[in-house]
RNA sequence: GUCCCCGUAGCUCAGCAGGAUAGAGCGGCGGUUUCCUAAACCGCAGGUCGCAGGUUCGAAUCCUGCCGGGGACGCCA
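Residue numbers (our numbering): 1 to 535.
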């Protein structure tokens, strides 16, 4: 949150407490229109009810208090129909432009160092990454960076399910591709991608089951990581299920559940008594099958104990749409371990439909029908793909039209934003050629409505980032950047920045556009998109 | 049957921690360049926010029901 917004909020809260004796959380939002100033406060409405007084009177009292408290920052405070509208001052904005020149612009301590674990992608090591994985990667990685910018200690984590039935199925499938068995097993993976791995395994002379398993998983995981790197996504931590299985955590889990009387045996299997938790709509789930083999759920719970054991105060999992039915189970399990919603959260990344040649492709790894992340990156550049995935909320289904993506080069709004940055770089270069410099700029010369409007937009940058961290939804940043770029393009059209006949004004404007470029660069950087000097 | 997501402009979607006149991109129509990048800018047209109730000073936003579309519901992972 911007410093001024924090100050305003804290002050109003204290003021209300002192004056009216009411605990009240003020809602301070960007004014919907420039003519209403920068920030609007709606406190008068809610207080009017409690105090049984006219909202206009209360608004006026708040307004007066605010304007006398912040003589430097606040130019005036207006009251319109009960809204308290705060207009910030010129000196304040001049100061803001200076701050916006720093690479730390937008940083704040909203997260207060909270240690957060973000687990995303976590694709099974049974094949290449698909487009939902790509979406999750774009979302998770951007969140990690934005949250760090907002003072969270955010870590990204990738979980590798390198054990269990699916790995057996993978091994048997690759053996079929190696010619070591006559047919593809029923639950096998039919995708062509296994052919190249089979060849490599054959060349390595590997035939033993255990060795095949180990190598195929490593090869696929390695390729996944390479693709993710190409997508500019790196993980802080990679955890393997096989590690969890061998660790102390399954035992710890068992003991904890036993101590709470939350497990029982039926038909030779061991169940988790989810129904006893009451408020979660969930049935009892198997932890250990009657054949003695623990379920995925069992190790997943153990894995989450491990996460919290590493000191994370909040753990967020981003899962694909096929896992949504699994959410209540995990929530119930973690609640049983006293880890409720405040500390453990699951977000579902909704499906991505690939449209190719005008029709939808149904994707199934097992059937071998895929559209992979690396194929996507062969067709669309990384900047465009990263930006594209953040153009809409991940909670909504996304139609990704490959044919459109191919020709998206000019239409994709990412270029619109990048172009603003490139244009500014060009201005700076040209200015230098003309002997103009930003040195010793007098920012008081920035008086046009367009300049004011852009400064106002800069003001909201930290607010947008904080909101993203809070809601764990990164897509508003693309809308923010597009809006800022739009305002710049408009400004560019109307006003000359580098004008040799007016070096003083040019210095001020050069400083100003540099600040704009910097905000764009920071914003794009946070979502893994480059800010080119030229286009 | 139970659960999840979606329904806002011709199309794809923002907005949904309730606030003031509902926005963007694309598409359509019409303009702008001897001038710092036209990958740009400006203007116009286009909406009963799926429907019906409810809560509220105030509802696209919250609640209930219904309709329509997509998806998930294993001793798979």
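Glycine included, C-beta positions come from ideal geometry on N, C-alpha and C.
Practice task
Return the Cβ separation of residue 69 and residue 39 in integer angstroms, given the expectation that the two are a contact with Cβ distance under 8 angstroms.
Solution key: The pair is not a contact, with the Cβ atoms about 14 angstroms apart (cut-off 8 angstroms).
Handout entry: Three-state secondary structure (DSSP) of residue 372
Key = strand
Handout entry: Inter-residue Cα distance where the pair is residue 193 and residue 522
Key = 38 angstroms
Handout entry: residue 256, enclosing alpha helix (DSSP H) - first and last residue
Key = 249–259
Practice task
Check whether the Cβ atoms of residue 162 and residue 241 lie closer than 9 angstroms to each other.
Solution key: yes
Problem - Own chain, CB closer than 6 angstroms to residue 447, minus 5 neighbours either side, in chain order - result: none
Practice task
Write down every uninterrupted run of the alpha helix (DSSP H) in the region 88–123 whose length is 4 residues or greater and which is fully enclosed by it, in chain order.
Solution key: 90–99
Exercise for the section: Under 8 angstroms by Cβ, that's how I've got residue 137 and residue 228 pegged, so tell me the actual separation to the nearest angstrom. Expected result: 6 angstroms
Exercise for the section: Starting from residue 30, follow the beta strand (DSSP E) in both directions and report where the run begins and ends. Expected result: 28–30
Exercise for the section: Would you list the one or two residues that DSSP bridges to residue 159? Expected result: 239
Handout entry: Every unbroken beta strand (DSSP E) inside the region 265–323 [3 residues or more]
Key = 269–272, 285–288 and 314–319
Handout entry: Three-state class that DSSP yields for residue 531 in the structure shown
Key = coil
Practice task
On a CA-only basis, which of 93, 371 and 330 is nearest residue 319? Give me that one, please.
Solution key: 330
Problem - Whole-angstrom distance between residue 154 and residue 237, CA atom to CA atom - result: 11 angstroms
Practice task
Under 6 angstroms Cβ to Cβ from residue 9, same chain only, skipping five residues before and after it: list those, please.
Solution key: 26 and 28
Problem - Enclosing alpha helix (DSSP H) for residue 152 [first to last residue] - result: Premise fails: residue 152 is in no alpha helix (DSSP H) and is neither H nor E.
Practice task
Tell me where the alpha helix (DSSP H) around residue 172 begins and ends.
Solution key: 165–178
Practice task
Return the bridge partner residues of residue 460 from the DSSP annotation.
Solution key: Beta-bridge pairing links residue 460 to no other residue.
Practice task
Return helix, strand or coil for residue 54, following the three-state DSSP convention.
Solution key: coil
Exercise for the section: Return the first residue and the last residue of the beta strand (DSSP E) that residue 40 is part of. Expected result: 39–41
Exercise for the section: Would you be able to state if there are at least three C-beta pairs under 8 angstroms between the region 68–83 and the region 262–281? Expected result: no
Exercise for the section: Give the straight-line distance between the Cα atoms of residue 501 and residue 98, rounded to the nearest whole angstrom. Expected result: 24 angstroms
Practice task
Could you check if residue 204 is buried or exposed, using at least 16 other CB atoms within 10 Å of its CB as the buried criterion?
Solution key: exposed
Practice task
Just tell me which of 299, 351, 256 and 102 has its CA closest to the CA of residue 160.
Solution key: 299
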